[in-house]
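In this note's numbering, the protein residues as written are 347 to 656. All residues carry an ideal CB built from backbone N, CA and C; glycine is no exception. Have a look at the structure below before the remarks.
In structure tokens:
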């Protein structure tokens with residue numbers, strides 16, 4: 347058994363313009379680390395293109411077509427204040443979605459133990475008909491809904507440790523008791539959602555953190571809210587919205603996590619996956635905007651995934 351690593355060069359060609367924090371150098375920094383000999387055991391694949399039909403489980407057809415039509419032939423266009431489309435954005439977004447679908451296929455059929463998708467644009471802020479927060483399609487929610495439709499993974503869980511609350515995923519899961527969403531995030535902070543009282547139909551578990559909180563508070567929140575809810579859900583598959591912008595170096599947040607905190611959280615989720623769903627875990631990149639903090643955190647995260655596969 348191995349850990350699958352999915353990415354695609356076109357995700358680097360998704361151009362967000364000068365000074366934008368969600369920039370191509372993020373993937374370049376990750377790839378530089380993952381190219382080191384310590385990661386030779388990874389099973390590597392190019393992320394395939396998604397089918398529009400798979401995206402339609404989370405987003406209506408008119409929204410998908412509006413995004414396709416908004417992609418410029420040249421230059422940049424904005425679909426909201428901070429979400430940018432460039433000529434390669436459609437292909438990048440379709441590969442980002444496709445990576446999650448391919449990862450689910452490989453994990454659910456036992457071809458690999460777990461998977462990490464290093465792709466952009468990220469996805470967890472995208473709502474059904476709204477692109478926002480650098481996100482076009484909700485990659486993680488699409489992957490979860492695909493797992494239900496194609497692999498009979500009825501009970502799917504998403505755990506999100508990005509510094510920003512995954513409002514889009516929460517909204518898509520809100521009314522379905524078989525879909526678990528758990529999130530640690532800074533609050534108040536964009537997008538303004540994620541209070542403890544937002545519980546859906548008992549399937550939403552938010553654990554907001556305050557600016558300046560570090561690893562001790564993060565771990566307590568994980569152990570008191572995220573992990574008990576996850577364990578009681580008994581998921582058939584665990585998906586991770588792996589945002590690393592809660593790192594102490596990150597410019598877009600004020601949480602003080604370090605690489606060991608992300609590794610610890612990853613191991614805790616893998617332990618529950620071993621109990622509930624034969625270790626099936628798919629992780630997808632979300633935020634993380636300091637290049638060193640991002641690369642080192644991804645390294646720690648993927649190392650834990652690989653240890654579970656060995």
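Rounded to whole angstroms, what is the Cα-Cα separation between residue 623 and residue 583? Counting from 1 along the chain shown, the entry for residue 623 is found at position 277. Counting from 1 along the chain shown, the entry for residue 583 is found at position 237. If I take the Cα positions, the gap works out to 6 Å.
What is the rounded straight-line gap between the Cα of residue 363 and the Cα of residue 428? Numbered from its first residue, the chain shown carries residue 363 at position 17. Numbered from its first residue, the chain shown carries residue 428 at position 82. Using only the alpha carbons, I get a separation of about 11 Å.
For a test of the three-state rule: what should DSSP assign to residue 593, helix, strand or coil? On the chain shown, position 247 is the one that residue 593 refers to. Reduced to three states, the DSSP call for residue 593 is strand.
Hey, residue 576 and residue 618 are a contact pair by Cβ (cut 8 Å); roughly how many whole angstroms apart? Position 230 of the chain shown, counted from the start, is the residue given in the question as residue 576. Position 272 of the chain shown, counted from the start, is the residue given in the question as residue 618. Their Cβ separation, rounded to whole angstroms, is 6 Å, which keeps residue 576 and residue 618 in contact under 8 Å.
Return yes when the Cβ of residue 542 is within less than 8 Å of the Cβ of residue 554, no when it is not. Residue mapping note: residue 554 aligns to position 208 of the chain shown, counting from 1. Residue mapping note: residue 542 aligns to position 196 of the chain shown, counting from 1. In this structure, residue 542 lies closer than 8 Å to residue 554 by Cβ.
Enclosing alpha helix (DSSP H) for residue 579 [first to last residue]: The residue given as residue 579 occupies position 233 in the chain shown. 573-579 is the span of the alpha helix (DSSP H), which, as asked, contains residue 579.
Whole angstroms are fine: how far does the CA of residue 491 sit from the CA of residue 457? If you number the chain shown from 1, residue 457 lands on position 111. If you number the chain shown from 1, residue 491 lands on position 145. Cα to Cα, residue 457 sits roughly 20 Å from residue 491.
Please say whether residue 430 and residue 488 have beta carbons closer to each other than 8 Å? Taking the first residue of the chain shown as 1, we reach residue 488 at position 142. Taking the first residue of the chain shown as 1, we reach residue 430 at position 84. Cβ distance not < 8 Å, so residue 488 and residue 430 don't count as in contact.
Considering only residues of the same chain and omitting the five flanking positions on each side of residue 523, which have a CB-CB separation below 7 Å? As a position in the chain shown, residue 523 is number 177, starting the count at 1. Residues 547, 548 and 549 of the same chain have their beta carbon placed closer than 7 Å to that of residue 523, with the five preceding and five following residues left out of the count.
Can you tell me whether residue 489 is helix, strand or coil according to DSSP? Counting from 1 along the chain shown, the entry for residue 489 is found at position 143. DSSP places residue 489 in helix when its eight states are reduced to three.
Sorted by chain position, which residues of the same chain lie with C-beta nearer than 7 Å to residue 414's C-beta, five sequence neighbours on each side aside? For the purposes of this step, residue 414 is taken as residue 68 along the chain shown, with counting starting at 1. Excluding residues within five positions, the ones whose Cβ falls inside 7 Å are 436.
Pick out the complete beta strand (DSSP E) segments inside the stretch 398-465, 3 residues or longer, and give them in chain order. Correct list: 423-426, 429-431 and 460-463.
In the DSSP assignment, find the alpha helix (DSSP H) that holds residue 539 and state where it starts and stops. One-based indexing of the chain shown puts residue 539 at position 193. Note, residue 539: premise wrong, no alpha helix (DSSP H); not H, not E.
Can you list, in chain order, the residues of its chain with a C-beta nearer than 8 Å to that of residue 606? Leave out the 5 residues immediately preceding and following it. The sequence position of residue 606 within the chain shown is 260, counting from 1. A distance below 8 Å between beta-carbons, with the five flanking residues on each side excluded, links residue 606 to the following residues of its chain, in chain order: 561 and 646.
What residue range does the beta strand (DSSP E) around residue 504 cover? For the purposes of this step, residue 504 is identified with residue 158 of the chain shown, where counting begins at 1. Its beta strand (DSSP E) spans residues 502-506.
Integer Cβ distance of residue 406 from residue 419, believed to fall under 8 Å: Counted from its first residue, the chain shown places residue 406 at position 60. Counted from its first residue, the chain shown places residue 419 at position 73. Between residue 419 and residue 406 the Cβ distance is about 25 Å, and since that is not below 8 Å, they are no contact.
Give the list of continuous alpha helix (DSSP H) stretches no shorter than 4 residues that lie fully inside the stretch 601-639. Taken in chain order, the whole alpha helix (DSSP H) runs of length 4 or more contained in the stretch 601-639 are 605-622.
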